[in-house]
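Colleague: The sequence shown begins at 1 in my numbering and counts up one residue at a time.
No residue lacks a Cβ here, since even glycine has one placed at the ideal position from N, Cα and C.
Owing to the predicted nature of the structure, the values given are computational and were not obtained by experimental measurement.
Take a look at this one; I'll ask things after.
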Amino acid sequence: MRKAVYQIILSITVLMLVSSMVYSQNTVPDTSVHKWWKEAIVYQVYPRSFKDNDGDGVGDLKGIISQLDYIKSLGVNVVWLNPIYNSPNDDNGYDVSDYRNIMKDFGTMADFDLLLKGMHERGLKLVMDLVVNHSSDEHEWFKQSRSSRTSPYRNYYHWWNAERGKPPYRYSLFDVNHDAWRYDSLTNAYYLHFFSQKQPDLNWENPKLRQEVYSIMKFWANKGIDGFRLDAFQFAAKDTTWPAFPKGFEKNFIQYYGMQGNLHGYLQEMNKEVLSKYDVMSVAEGAGSTFEDAHNLVDADRHELNMAYAFDGVDLAKPEGYSVLRLKSIFTKWDSAFDEKGWLSIFLANHDQARLVSRYGNDSRQFRDVSAKMLMTFLMTMRGTPYYYNGDELGMTNAGFTKIEDYRDVQTINEYKRQKSIGASLPAYIKRIGFESRDNGRTPFQWNNQANAGFTSGTPWIKVNPNYKTINAAAQEKDLNSTLNYFRKVVKLRKDNLVLVYGKYTLLDKNNPNVYAYTRELDGKKMLILLNFSGKPAVFNTDINIRNATLLLSNYKKGLESRALLPYEAAVYLLK
Ligand code: GLC
């Protein structure tokens, strides 16, 4: 008997010893720090342009379903889908007229359920766009709201009665006259729209409206989605005393519009009522204008959101180029501001930007592939959650349309009208949008070299980039060294190495105007990343000896032979 007790005690002790050894040898994830959404690689699908299944020229949910194996093959694990709700499409779905139904162009709720199921079966999570800074003017709430000053929905929006005179100027990003107040004769009042006239701003100060939004969020969370991207949310709360802003404030409008009023309070309420009840990730578009603003959004102790994305990096590229020193300093500053608390989003492109390789790399025949690979290496080796926009894995380029008739984007078209009305040079504007219009990033996905790049059997809603004959997924599938296959490699590298997710980031050779070099370090594992952002060979200076290092990935056939990087060369080393 005694022997048996002794044996039990012994085996328990051995078990405890072994488990404590395992615990100390492997870095067991601390669940307060390690989160699935931090380890995620987000792939953004722009449904209108991804894949058309029914031949009407517009991408749809069935089209996405047909390409789920492709998405899975990239190695990404989260998909962010731009809005797919009912919408009159003034702003391609960012003007929602019914938050609980699917836009006809895109399919049905049954298609949606199949899509979600297909994603989950493949281990892909789905993040949906939540557009609640504004709705469509065709939403039932707005129809009711504008019908009478005494409607129970009146306070779902911001109204200014005209007998008070003209409201204080507010800048609109998409309005032909940049005026965010639109007069409505029906009730002799102005309503507010920070975006287009068909996107009236919702009144977050109204608790009823907030409850409506939470109930919409629960509807989708109960369907099993895995996250929300909160569109333009930094603008949701307003100072409803409507103070006059200084002349020219629109140049810095985020300072005046961002993080106003009780925005943080509303987010805490949203967190309590919805987000905390589901295993969902949350990311806000926009992060205010200071690090403090950004921190407050994502500090876990405040119970608001998981991540936000700021625009400093993505706003840098201009037709005349950009400063690599500036890019380095922006990314480094953001990293150090979040090195102890909070979490970043890493991105340089999305549906609101022209193409990644055209803006931050070099889309010439000579350098397109290699510079696209260099940019991938950058985005996949930074700390934070990377967001990658569909088509950028192929190195798709700007279409650069030269006629205004070829553009579809409300912002691009309304600004054209404005430039015309103020007598500005239209050729100069056309040149500018050829580089920076959002439509450059919205041309159909280039699947193959067949008609319309294999996107549709009908007439595409926006022209296909003519270079689809050479730049397309089918051709790149066959080529082991293609941009697409490199993307798969760099995604795998990130997934296999938590050091690239959580590791400390240290900038090297800070003043080098062409080379972006840094290390990432975690639990004794250290990687060196070298990126030449220029089209010329570039020398880099660090004390690190790479002779004994192992080359893990390079966008050229072999590793470095000297301290000079080839044009747009990217190399990732494991240091000894
Ligand atoms: C966000 C979206 C953009 C949209 C705007 C208005 O910035 O990303 O596409 O036009 O909000 O909803």
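1) Roughly how far, in whole angstroms, is the beta-carbon of S289 from the beta-carbon of Q260, given that I think they are within contact range, below 8 Å?
2) Taking DSSP as the reference, what is the three-state secondary structure of A578?
3) Using the rule of at least 16 other Cβ atoms within 10 Å of the residue's Cβ for burial, across every protein chain shown, is A428 buried or exposed?
4) Kindly give me the distance between the Cβ atoms of R96 and Y388, rounded to whole angstroms, as I take these residues to be in contact under 8 Å.
5) Use the C-beta contact count for D335: other C-beta atoms within 10 angstroms, 16 or more gives buried, fewer gives exposed.
6) Is it the case that the CB of E285 approaches a heavy atom of the ligand GLC more closely than 7 Å?
7) Got a sec? Which residues, its chain only, sit under 7 Å from Y46 by beta carbon, not counting five neighbours each side?
8) Among L230, G93, L61, K72, whose alpha-carbon lies nearest the alpha-carbon of V410?
9) Do A236 and Y266 have their C-beta atoms within less than 8 Å of each other?
10) Look up Y266 in the DSSP assignment and say whether it is helix, strand or coil.
11) Does the ligand GLC have a heavy atom nearer than 7 Å to the CB of H158?
12) Is the segment 509 to 517 touching the segment 526 to 545 in the sense that three or more CB pairs, one from each, lie closer than 8 Å?
13) For G227 and K125, which I take to be in contact (beta-carbon distance under 8 Å), what is that distance rounded to the nearest angstrom?
14) Nearest to S136 by CA position, among H193, L116, T187, A110, is which residue?
15) Shortest alpha-carbon distance to V357 belongs to which of M374, W343, P168?
16) Would you list the residues sitting across from H134 in a DSSP beta bridge?
17) Looking at the unbroken alpha helix (DSSP H) that takes in P386, where does it start and where does it end?
18) My assumption, with CB atoms under 8 Å, is that L74 sits in contact with E320. Please give the rounded CB distance.
19) Alpha carbon to alpha carbon, what distance is there between N306 and V33?
20) Examine the Cβ distances between the segment 458 to 473 and the segment 394 to 403 and report whether three or more of them are shorter than 8 Å.
21) By alpha-carbon positions, which one of D509, N296, A308 ends up nearest to K38?
22) Return yes when the Cβ of W159 is within less than 8 Å of the Cβ of Y183, no when it is not.
23) Relative to the C-alpha of R525, which residue among K536, N511, Y505 is closest?
24) Any idea what DSSP makes of E393, helix, strand or coil?
25) Considering only residues of the segment 374 to 450, which uninterrupted beta strand (DSSP E) runs meet the minimum length of 3 residues and lie entirely inside it, listed in chain order?
26) Between which residues of its own chain and G384 is the CB-CB distance below 7 Å, once the five residues before and five after are set aside?
27) Would you tell me roughly how many angstroms separate the C-alpha atoms of S323 and T381, rounded to the nearest one?
28) Taking L81 as part of the beta strand (DSSP E), name the residues at either end of that continuous run.
29) Given E285, which residues of its chain have a CB within under 7 Å of its CB, disregarding the five upstream and five downstream residues?
30) Can you list, in chain order, the residues of its chain with a C-beta nearer than 7 Å to that of Y416? Leave out the 5 residues immediately preceding and following it.
Modeller: By the coordinates alone:
1) For the purposes of this step, residue 289 is taken as residue 289 along the sequence shown, with counting starting at 1. For the purposes of this step, residue 260 is taken as residue 260 along the sequence shown, with counting starting at 1. So it is not a contact: roughly 11 Å between Cβ atoms.
2) Residue 578 lies beyond the residue range present for the chain, which begins at 1 and ends at 576; the question has no answer from this structure.
3) Translated into the one-based positions of the sequence shown, residue 428 becomes position 428. A428 is exposed by the Cβ-count criterion.
4) Here the question's residue 96 lines up with position 96 in the sequence shown. Here the question's residue 388 lines up with position 388 in the sequence shown. The amino acid at residue 96 is misidentified as Arg; the sequence shows Val. Rounded, the Cβ-Cβ distance is 25 Å, inconsistent with contact.
5) For the purposes of this step, residue 335 is identified with residue 335 of the sequence shown, where counting begins at 1. The residue is buried, with at least 16 neighbouring Cβ atoms inside 10 Å.
6) Translated into the one-based positions of the sequence shown, residue 285 becomes position 285. The answer is yes for E285.
7) In the sequence shown, the residue the question calls residue 46 occupies position 46. N82, H351, N390, R442.
8) Reading the sequence shown from its first residue, position 410 is the one you call residue 410. It is G93 whose Cα lies nearest to the Cα of V410.
9) Taking the sequence shown and counting its residues from 1, the one referred to as residue 236 is at position 236. Taking the sequence shown and counting its residues from 1, the one referred to as residue 266 is at position 266. A contact, by the Cβ cut-off of 8 Å.
10) Reading the sequence shown from its first residue, position 266 is the one you call residue 266. Of the three classes helix, strand and coil, the one that applies to Y266 here is helix, per DSSP.
11) Locating residue 158 in the sequence shown gives position 158, where the first residue counts as 1. No - the ligand GLC has no heavy atom lying nearer than 7 Å to the Cβ of H158.
12) yes
13) One-based indexing of the sequence shown puts residue 227 at position 227. One-based indexing of the sequence shown puts residue 125 at position 125. Yes, they are in contact, since the Cβ atoms of G227 and K125 sit about 7 Å apart, within 8 Å.
14) Locating residue 136 in the sequence shown gives position 136, where the first residue counts as 1. Looking from the CA of S136, the closest CA among H193, L116, T187, A110 belongs to H193.
15) For this step, residue 357 is matched to residue 357 along the sequence shown. Ranking M374, W343, P168 by Cα distance to V357 puts M374 first.
16) Along the sequence shown, read from residue 1 onward, the residue named residue 134 stands at position 134. In the DSSP output, where bridge partners are listed per residue, H134 has D201.
17) Locating residue 386 in the sequence shown gives position 386, counting from the first residue. Unbroken run through P386 is the beta strand (DSSP E), 385 to 389; no alpha helix (DSSP H).
18) To locate residue 74, count along the sequence shown from 1; it is residue 74. To locate residue 320, count along the sequence shown from 1; it is residue 320. Not a contact, Cβ separation roughly 33 Å.
19) Within the sequence shown, the letter at position 33 stands for residue 33. Within the sequence shown, the letter at position 306 stands for residue 306. Spanning the two alpha carbons is a distance of roughly 12 Å.
20) yes
21) As a position in the sequence shown, residue 38 is number 38, starting the count at 1. Measuring from the Cα of K38, the nearest candidate turns out to be A308.
22) On the sequence shown, position 183 is the one that residue 183 refers to. On the sequence shown, position 159 is the one that residue 159 refers to. Taking 8 Å as the Cβ cut-off, Y183 and W159 do not qualify as a contacting pair.
23) Translated into positions along the sequence shown, residue 525 becomes position 525. First, the amino acid is wrong: residue 525 is Lys here, not Arg. Selected option, being the one with the closest Cα: Y505.
24) The count along the sequence shown starts at 1 and reaches residue 393 at position 393. E393 falls in the helix class under three-state DSSP.
25) As far as the segment 374 to 450 is concerned, its whole beta strand (DSSP E) runs of at least 3 residues are 385 to 389.
26) Sequence index remark: in the sequence shown, residue 384 carries index 384 (1-based). Apart from sequence neighbours up to five positions away, the residues of its chain that approach G384 with a beta-carbon distance below 7 Å are W343, L344, S345, I346, ordered along the chain.
27) Translated into the one-based positions of the sequence shown, residue 323 becomes position 323. Translated into the one-based positions of the sequence shown, residue 381 becomes position 381. Answer to the nearest angstrom: the Cα atoms are 20 Å apart.
28) In the sequence shown, the residue the question calls residue 81 occupies position 81. That run of the beta strand (DSSP E) goes 78 to 81.
29) As a working note, residue 285 is residue 285 in the sequence shown. Closer than 7 Å at the Cβ level, and outside the excluded window around E285, lie R229, L230, D231, A232, F233, Y309.
30) Numbered from 1 along the sequence shown, position 416 holds the residue referred to as residue 416. Answer for Y416: I404, Y429, listed in chain order.
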